[in-house]
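Chains as they are written, first to last, in the numbering used here: chain A, 185 to 432; chain B, 3 to 211; chain C, 3 to 211. First the structure, in the form of structure tokens, and then the observations on it.
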């Protein structure tokens with residue numbers, strides 16, 4: 185469904201070494217040698233969402249963060265596909281914000297490269313140990329069993345807990361394929377359906393809304409359904425061209 | 003040691019002696035206390051010392067701002083190859099991608115909070131920060147605004163490995179500051195501070211240290 | 003990293019850098035070997051260095067004659083009263099939170115390596131450990147397993163001062179052991195504990211001395 189055919193497993197390698205949602209997005213943009221703007225973001229949106237979809241389900245916390253950014257990409261995509269859609273200030277804000285963050289991360293990556301090139305090439309060394317001629321014993325006022333016991337407990341208290349990815353903290357997100365199938369079913373049953381109604385019918389968490397919205401846009405792009413929005417802020421109406429569409 | 007016992011050292015010379023003796027980062031505040039001069043006199047004398055050391059084998063390193071300025075003496079970066087050749091120790095020069103990114107943020111943007119680092123990187127930086135702290139490449143202090151939150155800044159160890167006496171000597175420092183300032187302004191304007199959903203849970207825990 | 007990449011240090015400057023970095027007496031012979039100049043050139047350069055340091059806070063100290071001449075950098079004699087005062091002040095100063103924590107780890111878990119201390123504390127302890135050594139609160143020995151690495155343990159004087167016959171008598175001794183052990187085990191595979199190769203320059207240097 186993307187412009188360029190995706191090789192299976194292309195993201196698998198990436199997943200092993202992934203840094204995070206911004207990192208992935210920036211990689212996608214840089215891979216296509218694009219500048220950071222709404223056009224490039226709209227172009228990489230599908231690749232990005234495909235990746236989100238392929239993320240291992242056990243790492244839901246990470247996945248949620250990926251999906252938050254995916255939702256912004258969807259807004260950008262929606263705007264490019266449906267020019268009648270007008271974005272709220274908040275939505276426009278999150279788009280601008282995402283672009284800023286990408287630019288800043290891009291800058292930091294570039295600076296990281298400079299650090300890499302210079303690190304350890306010319307070192308300023310500290311003064312060497314001077315031999316202490318007089319061995320003194322100089323305990324302080326606060327060198328006491330009570331203070332030291334308190335100190336060791338402070339140390340124990342601030343030991344980091346086991347380092348592992350947070351276990352499932354959000355409910356399993358519906359996969360993209362599931363949602364597309366679901367959407368098609370719904371469309372077949374009711375020729376006209378509002379997007380809002382659709383997502384509410386699923387007691388939608390944000391993740392669901394995003395995924396279903398994407399699915400809708402995909403169908404629009406494939407020419408399977410028409411989307412109408414009479415006025416800004418009106419319900420988006422979806423309508424099927426052909427009841428006998430093949431299932432995804 | 004005859005007559006020079008009576009010779010009065012200048013503030014600059016006294017500072018040089020103290021920094022040599024201590025051999026570790028020393029604050030302007032401490033110097034002011036040791037010498038009985040106000041902080042401005044110390045700052046002025048440090049400028050003279052920096053100048054005097056220009057053509058020596060040692061340099062004056064400096065970091066921090068305001069009351070928290072710290073100084074330390076180190077060998078001239080131009081002597082690096084020579085000393086590396088003498089030392090038998092293996093110096094680690096490997097930094098991973100996450101470390102480089104985090105160091106760049108802290109060097110060019112620090113001191114800043116972990117939540118700010120997380121926001122720029124888009125991932126939780128708890129463990130890379132811990133790693134860098136353990137390696138002595140960064141330091142943490144309580145935030146001036148909020149004692150319960152920690153801010154991270156570059157250490158002399160880091161500046162030393164980059165061969166710069168102070169952070170301002172880093173490549174493109176001034177122009178990058180300009181760029182970063184623009185980000186800041188925009189961020190404030192949008193007031194899109196990291197939201198709860200994007201913040202990891204352990205933050206509160208760490209700031210309690 | 004800036005332009006002084008091209009700057010060539012003079013022999014005098016190189017000697018100053020080496021002596022600063024070593025901190026201990028160095029023979030003319032060694033300097034000659036390090037720098038690849040004959041001993042006479044070194045002696046000449048040392049004269050220049052002595053002259054250059056005339057009006058500084060640090061001086062070139064020299065002892066012995068002929069081939070056995072040893073040189074080192076030290077603080078100016080005129081600064082000796084000041085340095086003495088500062089040393090006294092420093093030695094009577096309270097340890098503070100960070101140093102107490104470090105000392106407590108060494109007390110409860112020693113002998114252990116600096117990298118282990120750093121890993122438990124989550125920050126680099128280079129300077130704190132140095133100060134604890136100077137105050138005689140801890141001691142260092144080469145690690146039984148690896149002569150190049152130092153391990154730190156509490157000094158006999160510290161235990162007497164605390165009034166405990168042996169560390170096992172410290173409050174909660176067993177439970178502290180248990181908790182630290184558990185922490186190490188749980189985090190082993192994910193540990194960002196610096197391996198020796200990742201130690202900052204000065205740490206490695208110290209362990210070699």
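All residues carry an ideal CB built from backbone N, CA and C; glycine is no exception.
Residue i beta carbon near the ligand HEM (any heavy atom closer than 7 Å)
| i | result |
| --- | --- |
| residue 328 of chain A | No copy of the ligand HEM occurs in the structure displayed, which carries no ligand at all. |
Spatially closest choice to residue i from the options, by CA coordinates
| i | options | result |
| --- | --- | --- |
| residue 16 of chain C | C:26, C:29 and C:44 | C:44 |
| residue 97 of chain B | A:262, A:301, A:340 and A:255 | A:301 |
| residue 75 of chain B | C:23, C:82 and C:183 | C:23 |
| residue 52 of chain C | C:119, C:13, C:137 and C:138 | C:13 |
| residue 299 of chain A | B:173, B:64, B:68 and B:145 | B:173 |
| residue 328 of chain A | C:161, C:184, C:31 and C:64 | C:161 |
| residue 312 of chain A | C:26, C:64 and C:18 | C:26 |
| residue 184 of chain B | A:295, A:309, A:287 and A:320 | A:287 |
| residue 105 of chain B | A:282, A:214, A:206 and A:296 | A:296 |
| residue 129 of chain B | C:189, C:169, C:144 and C:56 | C:189 |
| residue 48 of chain B | B:38, B:33 and B:57 | B:33 |
| residue 338 of chain A | C:103, C:169, C:119 and C:109 | C:103 |
| residue 89 of chain B | C:36, C:163 and C:132 | C:36 |
| residue 62 of chain C | C:42, C:132 and C:18 | C:18 |
| residue 304 of chain A | B:124, B:110 and B:85 | B:85 |
| residue 341 of chain A | C:124, C:93, C:131 and C:56 | C:124 |
| residue 254 of chain A | A:274, A:278, A:273 and A:271 | A:278 |
| residue 92 of chain C | A:323, A:227 and A:310 | A:323 |
Contacts around residue i, its chain only, beta-carbon distance under 6 Å, and the 5 residues preceding and following it disregarded
| i | result |
| --- | --- |
| residue 122 of chain B | 107 |
| residue 142 of chain B | 152 and 154 |
| residue 134 of chain B | 140 |
| residue 348 of chain A | The predicted position of residue 348 of chain A is uncertain, since its pLDDT is 49 and thus under 50; no value can be drawn from it. |
| residue 10 of chain B | none |
| residue 64 of chain B | 73 and 168 |
Boundaries (first-last residue) of the beta strand (DSSP E) holding residue i
| i | result |
| --- | --- |
| residue 71 of chain C | That residue, residue 71 of chain C, is in no beta strand (DSSP E); it is neither H nor E in DSSP. |
| residue 154 of chain B | 152 to 156 |
Span of the alpha helix (DSSP H), counted from its first residue to its last, around residue i
| i | result |
| --- | --- |
| residue 2 of chain B | Any question about residue 2 of chain B goes unanswered here, given that chain B covers just 3 to 211. |
| residue 104 of chain C | 98 to 111 |
| residue 19 of chain C | 13 to 24 |
| residue 54 of chain B | 41 to 54 |
| residue 148 of chain A | In the structure as shown, chain A begins at 185 and stops at 432. Residue 148 of chain A is therefore absent and cannot be evaluated. |
| residue 176 of chain C | 175 to 188 |
| residue 296 of chain A | 273 to 302 |
| residue 133 of chain B | 128 to 136 |
| residue 57 of chain B | No alpha helix (DSSP H) holds residue 57 of chain B; DSSP gives it neither H nor E. |
| residue 211 of chain A | 205 to 215 |
| residue 331 of chain A | 329 to 341 |
| residue 120 of chain B | 116 to 123 |
| residue 88 of chain B | 82 to 88 |
| residue 36 of chain C | 30 to 37 |
Same chain only: Cβ atoms within 8 Å of residue i, ignoring 5 sequence neighbours per side
| i | result |
| --- | --- |
| residue 28 of chain B | 20, 21, 72, 73 and 74 |
| residue 223 of chain A | 264 |
| residue 274 of chain B | Past the edges of chain B, shown from 3 to 211, lies residue 274 of chain B, and the structure says nothing about it. |
Neighbourhood of residue i by C-beta distance below 7 Å, restricted to the same chain and skipping five residues each side
| i | result |
| --- | --- |
| residue 59 of chain C | 77, 78 and 81 |
| residue 229 of chain A | 257, 258, 260 and 261 |
| residue 159 of chain C | 138 |
| residue 166 of chain B | 172 |
| residue 39 of chain B | 13 |
| residue 220 of chain A | 213, 283, 286, 287 and 290 |
| residue 145 of chain C | 115, 151, 152 and 153 |
| residue 306 of chain A | none |
| residue 127 of chain B | 104, 116, 119 and 120 |
Residue-level contact to chain E via CB, residue i, 8 Å cutoff
| i | result |
| --- | --- |
| residue 13 of chain B | In the structure shown, chain E cannot be found, because the protein chains are A, B and C. |
Is the number of C-beta pairs between the segment 139 to 154 of chain C and the segment 103 to 120 of chain C that are closer than 8 Å three or more?
-> yes
Closer than 7 Å, Cβ to Cβ, to anything on chain B: give me those residues from the segment 119 to 131 of chain C, in chain order.
-> 120, 121, 124, 125, 126, 128 and 129
Take every Cβ of the segment 326 to 336 of chain A, pair it with every Cβ of the segment 171 to 180 of chain C, and state whether three or more of those distances are shorter than 8 Å.
-> yes
For the segment 73 to 90 of chain B, enumerate the residues whose C-beta is nearer than 9 Å to any C-beta of chain A, in chain order.
-> 74, 75, 76, 77, 78, 79, 80, 81, 82, 83, 85, 86 and 89
Along the segment 306 to 317 of chain A, what residues have a CB closer than 8 Å to any CB found in chain C?
-> 306, 307, 309, 310, 311, 312, 313, 314, 315 and 316
Note down, in chain order, all residues in the segment 95 to 121 of chain C with a beta-carbon under 8 Å from any beta-carbon belonging to chain A.
-> 95, 96, 97, 98, 99, 102, 103, 105, 106, 107, 109 and 110
Residues of the segment 169 to 187 of chain B with Cβ closer than 7 Å to any Cβ of chain A, in chain order = 173, 178, 181 and 185
Residues, ordered as in the chain, of the segment 152 to 167 of chain B that lie near chain A by beta-carbon distance below 9 Å | 158, 159, 160, 161, 162, 163, 164, 165, 166 and 167
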